[in-house]
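Enquirer:
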Amino acid sequence: MTLTENQSLIDWVNEIAARTKPDQVVWIDGTNEQLETLRTIGCSTGELYKLDETLHPGCFLHRTAQNDVARVEGRTFICCKNEKDAGPTNNWMAPDEMYKKLYALYEGAMKGRTMYVIPYSMGVIGSPFAKYGIEITDSIYVVLSMAIMTRVGKSVLDALGQSIDYIKGVHSLAQLNEQERYIAHFPEDNTIMSVNSGYGGNVLLGKKCFALRIASYLGKNEGWMAEHMLILGIQNPKGEVRYLSAAFPSACGKTNLAMLIPPEGYQKKGWKVWCVGDDIAWIRIGEDGRLWAMNPEYGFFGVAPGTNARSNPNALAATTKGTIFTNVVHDLDNNTVWWEGLSDTPPQNALDWTGKPWNASMGVKGAHPNSRFTAPAKNCPCISPEFEAPQGVPLSAIVFGGRRAKTAPLVYQSRNWIHGVFVGSIMASETTAAATGAVGVVRRDPMAMLPFCGYNMGDYWQHWLDMGDKIENKPKIFNVNWFRTDEDGHFIWPGFGDNLRVLEWIMRRCFDEVDARETEIGFLPYPEDINLEDLTISKDTLAGLLAVDRPLWQKEVDSISEFYQIFGDTLPDALKAELHTLKRNLGQE
Ligand code: SAT
Ligand code: MN
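At position 203 of the sequence shown the residue is numbered 219 (my numbering), and the sequence of numbers has no breaks.
If you want it as structure tokens, here you go:
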């Protein structure tokens, strides 16, 4: 049954069905009844395992193929007419060539399967800031995950009406053939195509593919921004809530920061943190001249390992019902799930993420390092009352951050918007298991958007600079690094809830409530202005975390210069000038 009279949409769905040749086509109406039927089918085919209904109501376990556990950056393409528009940091292929390749792979790919048509909305349905997408897929896991991560169903089609303003997405598991796996974006055609993968980031097309790669391109053309950022509100003892957004690369703790629980002393005084989003922010200039950020998603696709009652009780609480777990350990005695770092008592009778018998004495990890939970945002105890506000929340600060063992201090503030864009552009971080490839290697990841920018990164920086010209009340821009280590490789800063101590300083800077010292790289806190109450960390240690290590920064400048070179004439002059200023400040020029 078709749920719409939108002829362009019907024609396109028919065209894809004619290519992929499914046994049947099912439109997702968003009712729980239909989703329940799909859950039952998913369990009967082995795609899903139903977990204990008392311990985990409405929760399921899913396993991906073993060759398909993370985003594949090497097989992710931006297909625009001119190669230069994709820029030097994206893989590019000419649209015609990619379509040809994909259509060959899609030919008959859904034979024997059902093709699902998922109408979904990024943002509150009907809001002027929402954007709609249609994802075609042959995976029940994708349907059920999209129903958690986005708003799906007939109400999206009703809001879309006869409009052709939607993003087309096609996904087929095909044969899960690694050699023929493609995640292709056609920004000029509002189209995304994914084939031969079943892993979240490659197949939940509303997320990275639409809400970042396609949306960043739309944002450039329409005067807004799509960013890889969490959004949170900090409520101070006076009851004022101030908002910030923060960009960190994948698996660097965005979900933990977004759901931060204040240290006990802070809680007693009345501090509270509200989560608006943990991964993606769509940011626009409001009528009041401020930047407003909204979370286009409806759920969390968080990294499981390391999530526990101490590190992130809110995320854990979010996963208690209606959640799909992917590639974690299956505890057979209790029919529940487990992962490294969840507790000190791994299950004795269990299956590892691949489905093989496992116990901790085997000396290997049971959950995949990039194992995930897909949880409804509304389950989260600290979800912001503004979560469903169509226009989002006003930003006082933008924070960039990475995982750096050395060099980057705990926190510093940029001198102004342009310098802030520079600070974002030179972000670097150690790689994690969220993408295939080596883990722990420092790489430049500007604004945490390296894998997610849908066009030339040089033009993207220019867009940031242009936005700055238009924002009357600009948020202040900061950089943080929770991950500095000592000689033994141990983290120096306690992190987690104690990061609020740094966020407090950031907010005080935004409201001119605290002074700072100007250094070569920007404004740094005076150590006495970071509240260390109830912490064992000494003032001297803190001073070390807040020092600018000149020799390391001089090396950093060389590496930035090298990185900048690849952008050629698309590198904005303003950023070149900032690099010169930094060199001069470090005594290099
Ligand atoms: O796999 S996702 O891209 O959705 C998550 C991430 O890597 O940030
Ligand atoms: Mn992410």
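Every residue, glycine too, gets a C-beta built ideally from N, C-alpha and C. Quick caveat, the model's predicted, so the values are computed rather than measured.
Using 8 Å as the Cβ pair cut-off and three pairs as the minimum, do the stretch 101 to 110 and the stretch 467 to 486 touch?
Expert: yes
Enquirer: With H, G and I counted as helix, E and B as strand and the rest as coil, what does DSSP make of Ile162?
Expert: Stepping through the sequence shown from its first residue, residue 162 is reached at position 146. A small correction: the amino acid at residue 162 is Met; Ile does not occupy that position in the sequence shown. Correct three-state label for Met162: helix.
Enquirer: Going by the CB atoms, is the gap between Ala532 and Pro543 shorter than 8 Å?
Expert: Looking up residue 543 in the sequence shown gives position 527. Looking up residue 532 in the sequence shown gives position 516. No, Cβ-Cβ distance for Pro543 and Ala532 is not below 8 Å.
Enquirer: Among all residues, which have a Cβ less than 6 Å from at least one non-hydrogen atom of the ligand SAT, and in what chain order do they fall?
Expert: Arg87, Gly216, Gly217, Lys223, Lys224, Ser266, Phe317, Ala450
Enquirer: Ordered along the chain, which non-local residues of its own chain (more than five positions away) have a Cβ less than 6 Å from that of His78?
Expert: The residue labelled residue 78 in the question sits at position 62 within the sequence shown. Result list for His78: Leu64, Tyr157, Ile340, Thr342, in chain order.
Enquirer: If Ala413 sits next to Phe494, beta carbons under 8 Å apart, how far is it from one beta carbon to the other, in whole angstroms?
Expert: Locating residue 413 in the sequence shown gives position 397, where the first residue counts as 1. Locating residue 494 in the sequence shown gives position 478, where the first residue counts as 1. 6 Å between Cβ atoms; contact.
Enquirer: Could you pull the DSSP bridge partners for Gln251 from this structure?
Expert: To locate residue 251, count along the sequence shown from 1; it is residue 235. Gln251 pairs with Val257, Lys288.
Enquirer: What is the DSSP secondary structure of Ile622, counted as helix, strand or coil?
Expert: Only positions 17 to 605 of the chain appear in this structure, which leaves residue 622 out of reach.
Enquirer: Nearer than 7 Å: is that true of the beta carbon of Asp461 relative to any heavy atom of the ligand MN?
Expert: The residue labelled residue 461 in the question sits at position 445 within the sequence shown. Checking the Cβ of Asp461 against the ligand MN gives no.
Enquirer: Which residues in the same chain as Gly456 place their Cβ atom closer than 6 Å to its Cβ, once the five residues preceding and following it in sequence are excluded?
Expert: The residue labelled residue 456 in the question sits at position 440 within the sequence shown. Once the five neighbours on either side are set aside, the close Cβ partners of Gly456 are Glu446.
Enquirer: Going by DSSP, name the residue or residues bridged to Arg459.
Expert: Against the sequence shown, residue 459 aligns to sequence position 443. Answer is Ser445.
Enquirer: Kindly list the residues whose CB is nearer than 7 Å to the CB of Pro329, restricted to its own chain and excluding five residues on each side of it in sequence; keep chain order.
Expert: For the purposes of this step, residue 329 is taken as the residue at position 313 of the sequence shown. Answer for Pro329: Ile277, listed in chain order.
Enquirer: On the three-state DSSP scale, how would you describe Lys66?
Expert: Taking the first residue of the sequence shown as position 1, residue 66 is located at position 50. In this structure, Lys66 counts as strand in the three-state DSSP scheme.
Enquirer: Are the CB atoms of Asn375 and Lys337 within a distance shorter than 8 Å?
Expert: Taking the sequence shown and counting its residues from 1, one reaches residue 337 at position 321. Taking the sequence shown and counting its residues from 1, one reaches residue 375 at position 359. Not a contact, by the Cβ cut-off of 8 Å.
Enquirer: If I'm right that Val211 touches Glu196 with Cβ under 8 Å, what's the distance once you round it to whole angstroms?
Expert: Here residue 211 refers to the residue found at position 195 of the sequence shown. Here residue 196 refers to the residue found at position 180 of the sequence shown. Cβ-Cβ separation between Val211 and Glu196: approximately 7 Å, consistent with a contact (criterion under 8 Å).
Enquirer: Would you kindly work out how many angstroms separate the C-alpha atoms of Gln82 and Val380, rounded to a whole number?
Expert: Counted from its first residue, the sequence shown places residue 82 at position 66. Counted from its first residue, the sequence shown places residue 380 at position 364. Approximately 16 Å between the Cα atoms of the pair.
Enquirer: Would you mind sorting Pro321 into buried or exposed? The rule is 16 or more other CB atoms within 10 Å of its CB.
Expert: By one-based count along the sequence shown, residue 321 stands at place 305. Its Cβ being crowded by 16 or more others within 10 Å, Pro321 is buried.
Enquirer: Around the Cβ of Glu49, are there at least 16 other Cβ atoms within 10 angstroms (buried) or fewer (exposed)?
Expert: Along the sequence shown, one-based indexing puts residue 49 at 33. By the beta-carbon neighbour count (other beta carbons within 10 angstroms, threshold 16), Glu49 is exposed.
Enquirer: Under 6 Å Cβ to Cβ from Arg524, same chain only, skipping five residues before and after it: list those, please.
Expert: For the purposes of this step, residue 524 is taken as residue 508 along the sequence shown, with counting starting at 1. Val530.
Enquirer: Taking 7 Å as the line, does the beta carbon of Asp205 fall inside it for any heavy atom of the ligand MN?
Expert: To locate residue 205, count along the sequence shown from 1; it is residue 189. Checking every heavy atom of the ligand MN against the Cβ of Asp205, none is found closer than 7 Å.
Enquirer: Going by the C-beta, is Asp295 closer than 7 Å to any heavy atom of the ligand MN?
Expert: Translated into the one-based positions of the sequence shown, residue 295 becomes position 279. Because some heavy atom of the ligand MN lies under 7 Å away, the Cβ of Asp295 counts as near it: yes.
Enquirer: Could you tell me whether the Cβ atoms of Gly222 and Met165 are closer together than 8 Å?
Expert: Within the sequence shown, residue 222 is the residue found at index 206, counting from 1. Within the sequence shown, residue 165 is the residue found at index 149, counting from 1. Contact: yes.
Enquirer: In or out: Pro253 buried (at least 16 other Cβ within 10 Å) or exposed?
Expert: Within the sequence shown, residue 253 is the residue found at index 237, counting from 1. By the neighbour-count rule (16 or more Cβ atoms within 10 Å), Pro253 is not buried but exposed.
Enquirer: Whose C-alpha, out of Lys170, Gly74, Cys95, is nearest the C-alpha of Trp43?
Expert: Your numbering for residue 43 matches position 27 in the sequence shown. Nearest option by C-alpha distance: Lys170.
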